[in-house]
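2 protein chains.
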Amino acid sequence: MARPRQFDERTVLDAAVQCFWKHGYEATSIRDLAHHMNLTGASLYNAFGDKRALYRRALDHYLANSFGERVGRFEDKLPPAEAIRSFLNEIVERSLSDPDRKGCMLVNSALEVAPHDADFQRVVSDMLTQVEGFFYRCALAGQRDGSIADDQSPEDLARFLLGVLMGIRVLARSRPEPALLHGLVKPAFALLKAHR
Amino acid sequence: MARPRQFDERTVLDAAVQCFWKHGYEATSIRDLAHHMNLTGASLYNAFGDKRALYRRALDHYLANSFGERVGRFEDKLPPAEAIRSFLNEIVERSLSDPDRKGCMLVNSALEVAPHDADFQRVVSDMLTQVEGFFYRCALAGQRDGSIADDQSPEDLARFLLGVLMGIRVLARSRPEPALLHGLVKPAFALLKAHR
DNA sequence: TTCATTTTAGATCGATCGTTTTAGAATAGG
DNA sequence: CCTATTCTAAAACGATCGATCTAAAATGAA
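Quick note, the sequences are listed as chains D and G, same order.
Read in order, the letters of the first sequence are residues 1 to 196 in my numbering.
Read in order, the letters of the second sequence are residues 1001 to 1196 in my numbering.
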């Protein structure tokens, strides 16, 4: 019977997420990771395989705990227009209060890793499609209940909102200024507003 | 009297831009750069100092030849609303036709390098402010001549358009799909349209 | 021609990289 | 107790990194 593990997998994955999220894949070394995860190199390799596999696990962990839980909180609990606004506003507020300016690990991965790795390309693309799907469902429901303007198709509104979200994420890392991020979403929300 | 240089600086900077733009800073090695720039390591160091300084030169070169020239082409030659639309549409079309999916070196830098380097942080932030300024001037002029809706302030419109541009850039690298990018800008353009 | 200076070419340096190895430790089962 | 298995700790491996070094080459001036 083998020796049992000393570490808690979730705890070490949280630590890995923090490292990769802040610094990116290439600039995060295995020694940094091992140090922050409180593991030795061999334990890290035993548990996760290699750097790339760890990155994948960390990204999946991040996505489950960010987008996954955020959609769950908003989609079935708020009216569609409000779900969209709350979703984006929460991201704006969290970004403005992050001293590390980490932005979004999905977006960071989309730009750094995914262009050169087919597997990550699929993960990122699928996830972006899911985010778009959330916006689509909200736009559709909002146009049906009359709370969202219907001059644009729900497909285009979903694409537009996805673009706005990506823009927020980039500016959150590069220019996390309240006037900028609040001012950015204001016209977007106005576009959603139904004219009655 | 010293031996003259064999290389053309602009040509080697173009090559450096391509390397850094496609792969990012960390994942681009000096040997890659030297190879694509057709220089030896020593020549590269003699001419540019070190990797970081070369990156700075490459980024400046990129910015002068992308944003700089694009604004020059549109701002004084087209009406304001059309300048905005042409600016964004050109970026969409170029992104859709780039097999390397390089996206935008400024955005890539904003996410990879700028969070950890004060100098680059300033370069990126200043540049984003200039892009916003372009949008602001167009929004202001467009609201004055009545071709751009005025329910949002020109400041907020500029912020919004900057966010939309960032979104385009991210999606151009991660999901360069015609329906997505075209669909994204359509509602944004509709928002600009004045209701007369 | 020599001289001084910079460039180019290729090799080398010391450090860091991702990963593996070696050895001791921790467990349950027999 | 022994055994088999996996975990943990630390050292080590081979490769690559950014940068420097050494030597030859290229120039104009004296």
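Glycine is no exception: its CB is placed at the ideal position from the N, C-alpha and C atoms.
It should be emphasised that the depicted structure is a prediction, and the values quoted were computed from it without experimental measurement.
Since residue i meets chain G, which of its residues come closer than 7 Å, beta carbon to beta carbon?
{"i": "D:Glu155", "result": "Gly1183"}
{"i": "D:Met166", "result": "Met1166, Gly1167, Val1170, Leu1171"}
{"i": "D:Ala188", "result": "Phe1160"}
{"i": "D:Gly133", "result": "Here the premise fails: no neighbours, minimum Cβ distance about 13 Å."}
Name the chain D residues that come within less than 7 Å of residue i, Cβ to Cβ?
{"i": "G:Ser1174", "result": "Ala110, Ala114, Val124, Ser125, Leu128"}
{"i": "G:Leu1191", "result": "Pro187, Leu191"}
{"i": "G:Leu1059", "result": "The premise fails here: G:Leu1059 is roughly 13 Å from chain D at the closest Cβ pair, so nothing lies under 7 Å."}
{"i": "G:Leu1180", "result": "Arg159"}
Report buried or exposed for residue i, applying the criterion of at least 16 other Cβ atoms within 10 angstroms of its Cβ.
{"i": "D:His116", "result": "exposed"}
{"i": "D:Gly146", "result": "exposed"}
{"i": "D:His108", "result": "The sequence shown places Asn at residue 108 of chain D, not His. With 16 or more other Cβ atoms within 10 Å, it is buried."}
{"i": "D:Ile235", "result": "In this structure chain D extends from 1 to 196, so residue 235 of chain D is not present and cannot be described."}
{"i": "D:Asp156", "result": "buried"}
{"i": "D:Arg5", "result": "exposed"}
{"i": "G:Gln1018", "result": "buried"}
{"i": "D:Gln130", "result": "exposed"}
{"i": "D:Gln28", "result": "As written in the sequence, residue 28 of chain D is Thr, which differs from the Gln given in the question. Classification of D:Thr28: buried, given that the 10 Å Cβ count is 16 or more."}
Might you give, ordered along the chain, the residues of its own chain that have their beta carbon closer than 8 Å to the beta carbon of residue i, omitting 5 neighbours on each side?
{"i": "D:Asp119", "result": "Arg56"}
{"i": "D:Leu181", "result": "Val92, Ser95, Leu96, Ile168, Leu171, Ala172"}
{"i": "D:Leu54", "result": "Ala16, Leu33, Leu44, Phe48"}
{"i": "G:Arg1031", "result": "Gly1041"}
{"i": "G:Asp1076", "result": "none"}
{"i": "G:Arg1137", "result": "Glu1075, Pro1080"}
{"i": "G:Asp1150", "result": "Gln1143, Ala1194"}
For residue i, which residues from the same chain have a beta carbon less than 6 Å from its beta carbon, with the 5 sequence-adjacent residues on both sides left out?
{"i": "D:Leu140", "result": "Pro154"}
{"i": "D:Ala83", "result": "Phe74, Glu75, Cys138"}
{"i": "G:Tyr1062", "result": "Val1017, Met1105"}
{"i": "D:Leu88", "result": "Val185"}
Cutting at 7 Å between CB atoms, please list the residues of its own chain near residue i, excluding the five before and the five after it.
{"i": "D:Phe51", "result": "A small fix is needed here, since residue 51 of chain D is Lys in this sequence, not Phe. For D:Lys51, where only same-chain residues beyond five positions count, the Cβ hits under 7 Å are Ile30."}
(message) Output needed in chain order: residues of the stretch 1061 to 1093 of chain G with a Cβ under 9 Å from some Cβ in chain D.
(response) Answer set for the stretch 1061 to 1093 of chain G: empty.
(request) Please name the residues in the stretch 1025 to 1053 of chain G whose beta-carbon is closer than 8 Å to at least one beta-carbon of chain D, in chain order. (result) Answer in chain order: Glu1026, Ala1027.
(request) Check each residue of the stretch 1135 to 1155 of chain G: if its Cβ is closer than 9 Å to any Cβ of chain D, include it; give the result in chain order. (result) Listed by position, the residues of the stretch 1135 to 1155 of chain G near chain D (Cβ gap below 9 Å) are Asp1151, Gln1152, Ser1153, Glu1155.
(request) Just list the beta strand (DSSP E) runs in the stretch 1064 to 1123 of chain G, keeping only unbroken ones of 3 residues or longer that don't cross its boundaries, in chain order. (result) Unbroken beta strand (DSSP E) stretches of 3 residues or longer found wholly inside the stretch 1064 to 1123 of chain G: none.
(request) Starting from the N-terminal side, write out each stretch of the alpha helix (DSSP H) that is 4 residues or longer and does not extend beyond the stretch 21 to 58 of chain D. (result) For the stretch 21 to 58 of chain D, whole alpha helix (DSSP H) runs of length 4 or above, ordered along the chain, are 30 to 37, 41 to 48.
(message) What are the residues in the stretch 1095 to 1108 of chain G lying within 7 Å of chain D by C-beta distance?
(response) Within the stretch 1095 to 1108 of chain G, the qualifying residues are Arg1101, Gly1103, Val1107, Asn1108.
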